Amino acid sequence: MAAIQPYNATVRECFENPDHAGDPQGDYDRVLKSTVMESEQGARIELWACVADGIIAKMRYRTWGCPHLIAAAEVLCRRLENGPVSGLSALDVSALIEQLSVPVEKTGKLLLLEDALKAIWAQHGYAA
Amino acid sequence: MAAIQPYNATVRECFENPDHAGDPQGDYDRVLKSTVMESEQGARIELWACVADGIIAKMRYRTWGCPHLIAAAEVLCRRLENGPVSGLSALDVSALIEQLSVPVEKTGKLLLLEDALKAIWAQHGYAA
Amino acid sequence: MSNKAVYLDYAATTPVDPRVIEIMQTCLSLDGHFANPASIHAKGRQSAALVSDARMRLANLLNTQPECLIWTSGATESNNLAIQGAARARAHRGRHLITMPTEHKAVIDTFKALEKEGFEVSWINPGADGLLSLDTLENELRADTQLVSVMHVNNETGVIQDISGIGLLCREQGVVFHTDAAQSVGKLDIDLANLPVDLLSLTAHKFYGPQGIGALYIADRPGNGIVPIMFGGNQERRLRPGTLPVHLIAGAGLAATIAASRLNDDTRHLQVMRDRLWDGIKDIEGLTRNGPDGNCYAGILNVSVDGVEGESLMLGMEPVCVASGSACNSTSGESSYVLRALGRNDRQAQSAVRFSFGHATTSDDIDMAIARYRWTVNHLRAIAPRSMAVS
Amino acid sequence: MSNKAVYLDYAATTPVDPRVIEIMQTCLSLDGHFANPASIHAKGRQSAALVSDARMRLANLLNTQPECLIWTSGATESNNLAIQGAARARAHRGRHLITMPTEHKAVIDTFKALEKEGFEVSWINPGADGLLSLDTLENELRADTQLVSVMHVNNETGVIQDISGIGLLCREQGVVFHTDAAQSVGKLDIDLANLPVDLLSLTAHKFYGPQGIGALYIADRPGNGIVPIMFGGNQERRLRPGTLPVHLIAGAGLAATIAASRLNDDTRHLQVMRDRLWDGIKDIEGLTRNGPDGNCYAGILNVSVDGVEGESLMLGMEPVCVASGSACNSTSGESSYVLRALGRNDRQAQSAVRFSFGHATTSDDIDMAIARYRWTVNHLRAIAPRSMAVS
Ligand SMILES: Cc1ncc(COP(=O)(O)O)c(C=O)c1O
Ligand SMILES: Cc1ncc(COP(=O)(O)O)c(C=O)c1O
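Chains as they are written, first to last, in my numbering: chain Y, 1 to 128; chain B, 129 to 256; chain E, 257 to 647; chain Z, 648 to 1038.
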């Protein structure tokens, strides 16, 4: 029987344990931040990247949105934290869609996260 | 639960044992006969009354029709046979309807039998 | 009566397969799969999975895609949705429709309703064999013809129409072809991937599924759109709203799988039963077989007999359960319009008995039917006026 | 998941009562009552007797005559038949119709279809309490108004309309009054002998009967005729053709009897459950109850909460099965039009959760729902941007 399961295990795990949700605490060389929203009534996301010693020392997000968006933000932060700053340069949206089994009609939601990351990378670039 | 049973026990018994169906055999003072039909394609009935020694010595019928009509003819013959000739004068249709639990939409069928009896009574009258 | 009843009315409705009963039961109680498949919670999703599984099973039986199937309450609704839906969807192109007077009431009365709405319907009579002649159909097809509806297997006689030939003709002319397959789905091999059929109606209770559930197949072809007859929700591509009845759908799906698996065996069994019955009665004087020898579904044998009244014949047959004419009209009292269209007169049509068989039918059942039929015919002839005697 | 699921979505559909399951089973197999009730043989007559018994049971629940009830496939079909049927039957007298935007989709979409057909529909908004004001209705009634349709109990909020008052107004003006009672039949006391209702829709799966069977009540009054939407047979006074599904009808009938017997006890139980839930969450900041305190069916509690996204809220509630907005639209993704009509903004409407209870609901179920709801609201608020915070 075809299991109609809208959320895969990764989504569920991230939803239960959004370890990177919240504001960044602590002192960093630079704290980059972006805020993106779908519409006045729609989903929104705040994203922080804290840079120290040439790496991404901390990633944080806040979001009001569906479980896939929450999970996408969490997965992204886990992946980038403690990695090179170049990680901020681009989001592999299709890999994320696959990892989170995002249904086609919802893939648009992930563009929000892509926009948030782009805005941070732009800030980084201007300041660099 | 309301039993939806189109044929009561009397109808079933008469249908199984139509003892008076068939032509009359034997010698009688008078054999009165009538034939009535609903339409070319519809039900028909032949009715015989055999009179001897001032009584109805034998009643016989033949019919092509529904179980209620068969039963009505059988019941009528059983009732009149060996009774006074005045029995031929009239059919108590409503008693028959009750005895055979004839559904309303089918009561018209019994008029056929009434007509057959009337025709016999008329013959009797003319000849008397 | 129920204990010793011999059921030979499978064309009216079949009992439900025990395995189907079982799956239906798993859908009813609080710990089962009863939730609304449209609900997004976990139990709703389980129901949705069952529904999609069942749709796949039905699609497999018909060799088509699940997306082409719309659940309905039965073939009556499927016929109405297909015919009203296609006629209205294409009314701007033309208002000429074609069908036959030997169709099921659900088709006939729907076309009559469309006539009142301003559509023009050509009613093509069958030949003496019950079949639609392709030449006649070709002659009736016009530039403004939009829809042809011809049933697959006739419910009274078992006559099998050449739906492949009819469908091809329709395709050539760009006309939508609907077939009422209530009597053939699960009984004859139907391969929709290779049949030029646009719309096909079916109902589960004719193939050992539950009553109250059917489907409409809508071929995925340009121009094959229909408009709904009921409104109110997103279910079934907005073509058929209402909470999907999970137990009925699960039952219909399993019944489809079971039907596919036993199709050949069943057909052989039905042939044996039908031939046994025919052999047991064919010598009766004044007997007519309604429907040709060939080109007939094996599960139905319809006979008329001279000199015998139909209602009394039915009583005499007890406890054998058979149909007089179409079961769907049998409380209406009219004699069968299908048989009259085949050339039977009123007397013959009213004496018609439809015996129909299923996989539980035994030789003993058939022998009982033969015995009752012979007894009743003799009995009623003995009672009838000599003027009715068979010459 | 299914094992530990807590089902609080009774307004979407209920599990089937064990006694109802039992009677349904006696209708399925070869030795049971599965025959077509239209067949005149012995087994057909047994089925017909079951159907007439069930019709009587449903009539008793509603205090009406069995002749006034037509079996359908559910409330969606009943609504379509009533509304399309009455509007078209009276179209020669006038083409003005009245309903509300807070009706079920099966009513709304049917009226929208009639608008396309050339009928004029007045959509009356409810007050902030969800109720139709009788004064407003009186003002909207015109000489050419033919039909008013207002539901009894709202499926999202539980708001109970004054159908007696509405019906009286309609009677005075010679207007047909239809009510969608899908959410009230078997739950509230409905006495049709003393209610000025002309047409009433119901569905068995909302009161522990099976899915796929409903009925339309048609009051026996002059001028209350409807025309059918499907054609094809003599069943149901020619208003609804198709083989009558015996097991579904028998099940619906018994469910009606059971519902009547437990109506008062159930109501008390539902009140206790609802109050326990409300007491357990009402202190949450930014919480709004959708629907007034009074005039509400006890089996439904609908709440919105600020600062929380609806889909995530639904996931957080697992394994408690609740509805977001109306179950009937929940896969559509739109926020509830019913709540927006009550004055909620999009954000509030999309966060709405409908808890609905049944007689199997326990205090433990409620406590679990309270715990999950509180946890989820806190959890999601902690994740959300501070700009979304509840002030
Ligand atoms: C040929 C045919 N079409 C349609 C139907 C109607 O099916 P249902 O009663 O399930 O709607 C039947 C049987 O009743 C049938 O035999
Ligand atoms: C108020 C209301 N009307 C109509 C319906 C439709 O009922 P069904 O899905 O059984 O046709 C429902 C529930 O789905 C309902 O809650």
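Every residue gets a Cβ at the ideal spot worked out from N, C-alpha and C, and that includes glycine.
All values derive from a computational prediction rather than experimental measurement.
So residue i is in the alpha helix (DSSP H); what residue range does that whole segment cover?
i, result
"residue 767 of chain Z", "Premise fails: residue 767 of chain Z lies in the beta strand (DSSP E), 767-770, not in any alpha helix (DSSP H)."
"residue 443 of chain E", "Taken as a continuous stretch (DSSP letters only), residue 443 of chain E belongs to no alpha helix (DSSP H), as it is neither H nor E."
"residue 46 of chain Y", "Element bounds for residue 46 of chain Y: not the alpha helix (DSSP H) but the beta strand (DSSP E), 44-52."
"residue 300 of chain E", "298-318"
"residue 782 of chain Z", "781-787"
"residue 640 of chain E", "No alpha helix (DSSP H) holds residue 640 of chain E; DSSP gives it neither H nor E."
What separation, rounded to the nearest whole angstrom, lies between the Cα atoms of residue i and residue j?
i, j, result
"residue 560 of chain E", "residue 397 of chain E", "34 Å"
"residue 277 of chain E", "residue 672 of chain Z", "8 Å"
"residue 674 of chain Z", "residue 461 of chain E", "12 Å"
"residue 475 of chain E", "residue 395 of chain E", "26 Å"
"residue 900 of chain Z", "residue 784 of chain Z", "35 Å"
"residue 946 of chain Z", "residue 803 of chain Z", "11 Å"
"residue 923 of chain Z", "residue 488 of chain E", "34 Å"
"residue 380 of chain E", "residue 341 of chain E", "22 Å"
"residue 980 of chain Z", "residue 294 of chain E", "A caution first: residue 980 of chain Z carries a pLDDT of 48, below 50, which makes its placement in the model unreliable, though a value can still be read off. Roughly 11 Å between the two C-alpha positions."
"residue 1029 of chain Z", "residue 349 of chain E", "60 Å"
"residue 107 of chain B", "residue 189 of chain B", "Because chain B in this structure spans residues 129 to 256, residue 107 of chain B falls outside the shown range and cannot be described."
"residue 742 of chain Z", "residue 765 of chain Z", "8 Å"
"residue 527 of chain E", "residue 613 of chain E", "9 Å"
"residue 122 of chain Y", "residue 26 of chain Y", "23 Å"
"residue 582 of chain E", "residue 265 of chain E", "Note on residue 582 of chain E: pLDDT 38, under 50, position unreliable in the model; the coordinate value appears next. Going by the C-alpha atoms only, they are around 10 Å apart."
"residue 592 of chain E", "residue 569 of chain E", "15 Å"
"residue 856 of chain Z", "residue 883 of chain Z", "20 Å"
"residue 665 of chain Z", "residue 384 of chain E", "53 Å"
Can you find a CB in chain Z that lies within less than 8 Å of the CB of residue i?
i, result
"residue 24 of chain Y", "no"
"residue 274 of chain E", "yes"
"residue 286 of chain E", "yes"
"residue 412 of chain E", "no"
"residue 295 of chain E", "yes"
"residue 407 of chain E", "no"
If you measure from the beta carbon of residue i to each beta carbon in chain Y, is any gap under 8 Å?
i, result
"residue 1021 of chain Z", "no"
"residue 1029 of chain Z", "yes"
"residue 692 of chain Z", "no"
Spell out whether any CB of chain E is found under 8 Å from the CB atom of residue i.
i, result
"residue 192 of chain B", "yes"
"residue 174 of chain B", "yes"
"residue 244 of chain B", "no"
"residue 177 of chain B", "no"
"residue 877 of chain Z", "yes"
"residue 195 of chain B", "yes"
Can you tell me which of the options puts its alpha carbon nearest to the alpha carbon of residue i?
i, options, result
"residue 1037 of chain Z", "Z:959, Z:932, Z:1024, Z:1023", "Z:932"
"residue 444 of chain E", "E:419, E:564, E:454, E:429", "E:419"
"residue 76 of chain Y", "Y:45, Y:31, Y:37", "Y:45"
"residue 357 of chain E", "E:372, E:386, E:349, E:334", "E:386"
"residue 303 of chain E", "E:641, E:501, E:544, E:594", "E:501"
"residue 477 of chain E", "E:320, E:603, E:599", "E:320"
"residue 402 of chain E", "E:390, E:448, E:355, E:437", "E:355"
"residue 1011 of chain Z", "Z:679, Z:991, Z:967", "Z:967"
What span of residues does the beta strand (DSSP E) with residue i cover, start to end?
i, result
"residue 59 of chain Y", "55-64"
"residue 471 of chain E", "470-474"
"residue 432 of chain E", "432-436"
"residue 31 of chain Y", "30-37"
"residue 882 of chain Z", "Note, residue 882 of chain Z: premise wrong, no beta strand (DSSP E); not H, not E."
"residue 795 of chain Z", "792-796"
"residue 850 of chain Z", "846-850"
I'd like to know whether the C-beta of residue i is nearer than 8 Å to at least one C-beta of chain B.
i, result
"residue 646 of chain E", "no"
"residue 541 of chain E", "no"
- [ ] Within the segment 713-751 of chain Z, note down every full beta strand (DSSP E) run reaching 3 residues or more, in order along the chain.
- [x] 716-719, 743-746
- [ ] Please specify which runs of the beta strand (DSSP E), each continuous and at least 3 residues long, are wholly inside the segment 955-1018 of chain Z, giving them in chain order.
- [x] 1000-1003
Task: Runs of alpha helix (DSSP H) wholly within the segment 889-966 of chain Z (minimum 4 residues, chain order) - done: 893-928, 957-964
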